[in-house]
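Visitor: Pasting in a structure now, in structure tokens, and then I'll have a few things to ask.
There are 2 protein chains.
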Amino acid sequence: MKLYGYWRSSATWRVRIALNFKDIPYEYIPVHLVRDGGEQLKDWYQTLNPSQQVPTLEVELDGSTRHLGQSMAILEFLEEFKAAPAMLPKDLYLRSRTRQLAEIVNSGIQPHQNLSVLNHLKALKVDSNAWSRKWISQGLVAFQTVVEETAGTFSVGDSPTWADACLIPQLYNARRFSIDLKPFERLVEIESVCAELECFKKAHADAQPDAQP
Amino acid sequence: MKLYGYWRSSATWRVRIALNFKDIPYEYIPVHLVRDGGEQLKDWYQTLNPSQQVPTLEVELDGSTRHLGQSMAILEFLEEFKAAPAMLPKDLYLRSRTRQLAEIVNSGIQPHQNLSVLNHLKALKVDSNAWSRKWISQGLVAFQTVVEETAGTFSVGDSPTWADACLIPQLYNARRFSIDLKPFERLVEIESVCAELECFKKAHADAQPDAQP
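Sequence order for the protein chains is R and H. Reading the first sequence from the start, the letters are residues 1 to 213 in the numbering used here. Reading the second sequence from the start, the letters are residues 1001 to 1213 in the numbering used here.
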């Protein structure tokens, strides 16, 4: 498999965690979201991903080379492609809670701190940092409330799930936007447990070949 | 099951389509997003859904009353709860494409036309209509490009999937924001096929008990 992504893209980061957790080897192909007006907007990339966003997963299926977009769709694909080890609980209710937590980040927070949204806000002379802080804080409050019911050492029970794969990059982004994480003590605790695991370490933004100081 | 929702909420609408398609009986409980400052912000609702958003699905599982949030998580739940008739293709690649299409709407468009986002933009003196139009048009271009590969009479093949459940409310919203749908002929064709089906008719915003003229 090949993963087209960007070191600091939280959506790419989630997929890296899942690939590592499932021990699926992959080649990482950096797509620079800023340089030269943004490589994701180039024709060659748009052919792979009409949304002009990272990540895109390239995979051989039944003899065809396929390109899959949207991080949540990719996480679901990986779960169906290689069931074990699982990043979704077996219990129907907890599976649903895991997906709910992942979506609180994926559709509830991330779209509002997306690079294209921030750039557009700047063009409109809106304070894009204040904008991001509002949606990140609000989303993390909801995330933590749900987690209080389901958490063990991780967000849902005692093994990593998509909820953690979404949480970890989101906390990194929260710090980038100078959000005070004191009210999110439970989430920071979970983060410190994840930080010990190889699959999270190798997926970290700063560990990527295209990371910038 | 009980579905807490709002007639014009596209996320609620998706879930209504799926419940109808799967012939799962449910009680619809309107949550008025505007009246009285927004019922979704009240304590009683926040207890059910910490994200303070609709929809929320109430369901009895193993003797417990559970409340599920986030429309995509609810669609996945319904698929696992009652497999037939399926709203996801059997083929691994097409399942992934269906989810990708659903996410182009769910995380790529909808968050930017969300009521709370539009209200916040207004408070910042930003033209919220122009804002919505930008993200809706851009998202529909991506959606249609992916659909050109997968469509039969519906977005993916010849039976309704989540891609259609997400597309139909999104086209209704596009018209609300006065978007010219001429460039999206293929999507409007699919819409007209969906419009013939009972599960889509009964799910339509205007057919809900809380619909306003």
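From the three backbone atoms N, C-alpha and C, an ideal C-beta is built for every residue, glycine too.
(1) For the alpha helix (DSSP H) that H/T1047 lies in, which residues bound it at each end?
(2) Per DSSP, which residues does R/A151 bridge with? Please list them.
(3) May I ask you to report which of helix, strand or coil DSSP gives H/P999?
(4) Is the region 1135-1149 of chain H close to the region 200-210 of chain R, with three or more CB pairs under 8 Å?
(5) Can you list, in chain order, the residues of the region 19-38 of chain R whose Cβ is nearer than 7 Å to any Cβ on chain H?
(6) Have a look at R/R99 and R/N106 and give me their C-alpha separation to the nearest angstrom.
(7) Can you round the beta-carbon distance between R/L48 and R/H67 to whole angstroms, since I take them to be within the 8 Å contact cut?
(8) Any beta carbon from chain R within less than 8 Å of H/M1001's own beta carbon?
(9) Kindly give me the distance between the Cβ atoms of H/A1018 and H/M1087, rounded to whole angstroms, as I take these residues to be in contact under 8 Å.
(10) Considering Cα atoms alone, identify which of R/Y26, R/Y28, R/P25, R/V54 is closest to R/G38.
(11) What does DSSP give as the partner residue(s) for H/P1030 in the beta ladder?
(12) I'd like to know whether the C-beta atoms of R/P169 and R/S10 end up nearer to each other than 8 Å.
(13) List, in order along the chain, the chain R residues whose C-beta lies closer than 9 Å to that of H/T1056?
(14) Note down, one range per segment and in chain order, each beta strand (DSSP E) of at least 3 residues found wholly within the region 1054-1101 of chain H.
(15) Can you name the residues of chain R whose CB is closer than 9 Å to the CB of H/E1279?
(16) My assumption, with CB atoms under 8 Å, is that H/I1190 sits in contact with H/S1155. Please give the rounded CB distance.
(17) For the alpha helix (DSSP H) containing R/A123, list its first residue and its last residue.
(18) Does R/E185 pass the burial test, meaning 16 or more other C-beta atoms within 10 Å, or should it be called exposed?
(19) Going by the beta-carbon positions, is the gap between R/P30 and R/Y45 smaller than 8 Å?
(20) Please return the same chain residues whose Cβ sits closer than 6 Å to the Cβ of R/H112, not counting the five positions on each side in sequence.
(21) Name the residue from R/C194, R/L33, R/S96 whose alpha carbon lies nearest to the alpha carbon of H/M1072.
Guide: Well, looking at it:
(1) 1043-1048
(2) R/G157
(3) In the structure as shown, chain H begins at 1001 and stops at 1213. Residue 999 of chain H is therefore absent and cannot be evaluated.
(4) no
(5) none
(6) 10 Å
(7) 4 Å
(8) no
(9) 6 Å
(10) R/V54
(11) H/G1005
(12) yes
(13) Residues of chain R passing the Cβ test: none, with the nearest at roughly 10 Å.
(14) 1056-1061, 1064-1069
(15) An answer regarding residue 1279 of chain H cannot be provided, because it is not within the stretch 1001 to 1213 covered by chain H.
(16) 6 Å
(17) 115-123
(18) exposed
(19) no
(20) W135
(21) R/S96
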